[in-house]
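Undergrad: Here it is: the structure, laid out below.
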Amino acid sequence: MPEGDTVFAAAARLRKALDGRVIDHSQFRVPRLATADLRGRRVTSVRSRGKHLLIDLGPGGPDDRDDRPLSVHSHLKMEGAWHVHPVGTRWRRPAYQARVVLRAEGQEAVGFELGVLELLADPDAALAYLGPDLLADDFDAAEAIRRLSADPARTVGDALLDQRLMAGVGNVFRSEICFLRRVLPTRPVGEVEVAPMVDLSRQLLWANRLRTARSTTGQTSPNARMWVYGRRGQWCRRCSTPIARDHMGPVGEDRVVYFCPACQS
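All residue numbers for the sequence shown refer to this note's numbering, where the first residue is 988 and numbers rise by one.
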C-alpha cells in the first residue's frame, strides 16, 4: 500500500533516472492532459511531499516560448506506481494501465494507475495545506505535535491519517504506530502522548524509506514484517491475543485498522 515511504522511494528512483536531463518524449494518457507536451524541458528536481510526488521541470517546450516552470504532480492512491527503466525495456504492467510516459536521454519513467495526475505551475502553493512531511530533512516535529493536539476529542486513528496534520502516514503505519504505542486507534488524541507518537512515526517511515519490503518489526521474512497489520486472527507477537480488525473513519471513507484488543486497551 503506497504511503510516505513508498513515494519517497519512487522519487529517489525517478531522480536517479531523470534529474538534470531534458525530456525528449512525453505522452499523457488521460483526456485532460492529452495535448500536453513536455519535450525540451529539463528536469530540475524530483521530490516527495508526504504521499505526493513532484517532477519539477524548467521552462521551455517544443517551441521554446513557454517560460513557466511546470511540475508533474502525482498521487499513487491505492494502486498507483512509477516504474523506471531504459527505453525499450518491456513494461512490467499492462499498457492500458499507463497514465503518463516520460523519456529523457535513454531513460523512461511510466506512471501506472495514478490516482492523481496533473500539471501544476505552483506546486508548493497547491500542496501548502499539507502538514509537516515526516520524511523531509527539515521535518518540524513541534508543528506536527501542535496540529495533532489541536483537536483532543478526535480519535488518534483518524488524526494520524489526516495529511493536513502530518504528511506521510497511511493505513499500514497507522495500525503499527498505535500498536507500538499501546493505544487503541479509537482513543481520543487528548488521552495519548502525542510527542512520542510523532517521533515513532518519523522513525518508522525513515527506516523504511528505501527498503524494498516494508518492515516495522525489523524482520525481513514475509510473515514477520508487521506487528498487527494484515494479521487478523493471528497471535499477537507481544501477548498472544488474537489480532482484531475493524473499520474506522468518516462515513464513506472508513478504512481497515488492525489492533490487539489486550495490549492496546
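We put the CB at the ideal spot given by N, CA and C, even for glycine.
Checking 8 Å against the spacing of the C-beta atoms, do PHE1099 and GLU990 come in under that value?
TA: Result no, Cβ atoms of PHE1099 and GLU990 do not sit closer than 8 Å.
Undergrad: Taking CB distances under 8 Å as the criterion, tell me whether GLY1155 reaches chain D.
TA: Protein chain content of the structure displayed is limited to a single chain, and chain D is not contained in it.
Undergrad: Using three-state DSSP, classify ASP1111 as helix, strand or coil.
TA: ASP1111 falls in the helix class under three-state DSSP.
Undergrad: For ALA1154 and ASP1111, I'd like the C-alpha separation in whole angstroms.
TA: Between ALA1154 and ASP1111, the C-alpha separation is close to 14 Å.
Undergrad: With distances taken between CB atoms, is the gap from GLY1118 to MET1235 smaller than 8 Å?
TA: Cβ atoms of GLY1118 and MET1235: not closer than 8 Å.
Undergrad: In the DSSP assignment, the beta strand (DSSP E) including GLY1217 goes from what residue to what residue?
TA: Element bounds for GLY1217: n/a, residue is neither H nor E.
Undergrad: Taking one C-beta from the segment 1055-1074 and one from the segment 1028-1047 each time, how about it: are there three or more such pairs within less than 8 Å?
TA: A contact exists between the segment 1055-1074 and the segment 1028-1047.
Undergrad: DSSP state of SER1136, grouped into three classes?
TA: Helix at SER1136.
Undergrad: Measuring CA to CA, which of PHE1015, ASP992, ARG1174 is closest to ASP1138?
TA: Cα-wise, what sits closest to ASP1138 is ARG1174.
Undergrad: Whole angstroms are fine: how far does the CA of PRO1056 sit from the CA of ASP1109?
TA: Each residue's alpha carbon lies about 8 Å from the other.
Undergrad: Which two residues bound the contiguous alpha helix (DSSP H) that contains SER1058?
TA: It is not in any alpha helix (DSSP H) - SER1058 instead sits in the beta strand (DSSP E) that spans 1057-1062.
Undergrad: Using the three-state DSSP reduction, which class does ARG1090 fall into: helix, strand or coil?
TA: The answer is strand: DSSP assigns ARG1090 an E or B state.
Undergrad: Closest by CA to ALA1004, which one among LEU1192, ALA1085, ALA1091?
TA: Ranking LEU1192, ALA1085, ALA1091 by Cα distance to ALA1004 puts ALA1091 first.
Undergrad: Hey, out of SER1252, ARG1201, VAL1017, whose CA is closest to GLU1105's CA?
TA: Among SER1252, ARG1201, VAL1017, the Cα nearest to that of GLU1105 is on VAL1017.
Undergrad: How far does the alpha helix (DSSP H) with MET1184 in it reach, from first residue to last?
TA: That run of the alpha helix (DSSP H) goes 1181-1195.
Undergrad: Count the C-beta pairs between the segment 1206-1213 and the segment 1172-1189 that are closer than 8 Å, then say yes if the count reaches three, no if not.
TA: As far as the Cβ criterion goes, the segment 1206-1213 does not touch the segment 1172-1189, which means the pair count is below three.
Undergrad: Please identify the residue among ARG1028, SER1035, GLY1157, THR1022 whose C-alpha is closest to the C-alpha of ALA999.
TA: Minimum Cα distance to ALA999 is reached at SER1035.
Undergrad: For THR1204, which three-state DSSP category applies?
TA: Of the three classes helix, strand and coil, the one that applies to THR1204 here is coil, per DSSP.
Undergrad: Going by DSSP, what residue range makes up the beta strand (DSSP E) through THR1031?
TA: That run of the beta strand (DSSP E) goes 1030-1036.
Undergrad: Using only alpha-carbon positions, find the residue among ALA1140, TRP1193, GLN1084, LEU1167 that is nearest to PHE1126.
TA: Here the closest residue by C-alpha is TRP1193.
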